[in-house]
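Okay, structure first, notes after.
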Amino acid sequence: MSVRTVTALITVFFLQQALSNASIEARDESNGDVLDAFQVFANCPEAVLLYDNDETGSHLCLTTARQNFDENGPTATYVWQMKGLNGHAKKNITFHLKPGQTPDEAVFWLDADEGKEQVARLVYADYKSCGIFLVPLNGMIECMLWVTEEVKDNVPQYCIDQYDRNCDTKILEYSKDICSQVDSGV
Numbered sequence: 000m001s002v003r004t005v006t007a008l009i010t011v012f013f014l015q016q017a018l019s020n021a022s023i024e025a026r027d028e029s030n031g032d033v034l035d036a037f038q039v040f041a042n043c044p045e046a047v048l049l050y051d052n053d054e055t056g057s058h059l060c061l062t063t064a065r066q067n068f069d070e071n072g073p074t075a076t077y078v079w080q081m082k083g084l085n086g087h088a089k090k091n092i093t094f095h096l097k098p099g100q101t102p103d104e105a106v107f108w109l110d111a112d113e114g115k116e117q118v119a120r121l122v123y124a125d126y127k128s129c130g131i132f133l134v135p136l137n138g139m140i141e142c143m144l145w146v147t148e149e150v151k152d153n154v155p156q157y158c159i160d161q162y163d164r165n166c167d168t169k170i171l172e173y174s175k176d177i178c179s180q181v182d183s184g185v
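So for the sequence shown, numbering that gives the first Met the number 0 puts the first residue at 0; every next one is plus one.
If you want it as C-alpha cells, here you go:
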C-alpha cells in the first residue's frame, strides 16, 4: 500500500471515530438555540396528535396527558389515551421520561418496563402550541406533530410547515368531526 492510501485510511478511521462519539443537538432554525425536550414537557400538560407517519390507524384521535413532572430530575410521566379506532385496542400507555444525552433527547420507557429504554428526539418546538418528536415505536421511527388542546382545531400554519420540513409522510390523526364523537376516557 502506498503512503497516500495508508494516510487516507487512517484519516477515515479517525473521522468515523470522531463522528460516532459526537453529540448532535437539534437546533431551532429561527434563532439557533438548542431545542429542549423537557421545556416542552414543562409547558404542555396535555396534547393531541395532529400528524404522524404511522399508516396503521392506531393513533387516530390519540391524546396524551401529563401525570407527573419533576423539574429537579427532570422527569415526566405522560399517559397516551389510545381510542381503539380502526380495529385497534382501546388502552392507555404510560410513558416515563428522563433526559437524554443532549437537551433535545428524552429517554423513555413504557409502563413499568425501565429495562427497555429508548430515545425520543425533539426536532421542532415553539414551546406554546406545538412540538415535533421522532419516537421509535413498533419497529419504526414515528415523526409526530403534537399540538395543545387550545390549538387543535386551529393549528398555526408554521407548526404544519415544520412538520412538512421534518417528516416525509403525513397522516392526519386528529379530525374534529371524528374525534369529537369518540369517548375521551379509556
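Every residue, glycine too, gets a C-beta built ideally from N, C-alpha and C.
Query: Residue range of the unbroken alpha helix (DSSP H) whose run includes C178; Result: K175 to C178
Query: For L136 and K89, the rounded distance between their alpha carbons; Result: 17 Å
Query: Proximity of A46 and T63 at Cβ, strictly below 7 Å; Result: yes
Query: Rounded C-alpha distance that separates V185 from E104; Result: The predicted position of V185 is uncertain, since its pLDDT is 47 and thus under 50; no value can be drawn from it.
Query: Euclidean distance between Cα positions of R120 and L133; Result: 5 Å
Query: G86 to T93 span [Cα, whole Å]; Result: 21 Å
Query: Beta-carbon proximity list for V78, same chain, < 6 Å, skipping 5 on both sides; Result: A64, Q66, N91 and T93
Query: Rounded C-alpha distance that separates Y50 from N71; Result: 31 Å
Query: Neighbour-count burial assignment, L171, 16 or more Cβ in a 10 Å radius; Result: exposed
Query: Enclosing beta strand (DSSP E) for C142 [first to last residue]; Result: M139 to V146
Query: Buried/exposed call for I131, threshold 16 Cβ in 10 Å; Result: buried
Query: Candidates E148, Q156 and R164: closest to L48 by CA position; Result: E148
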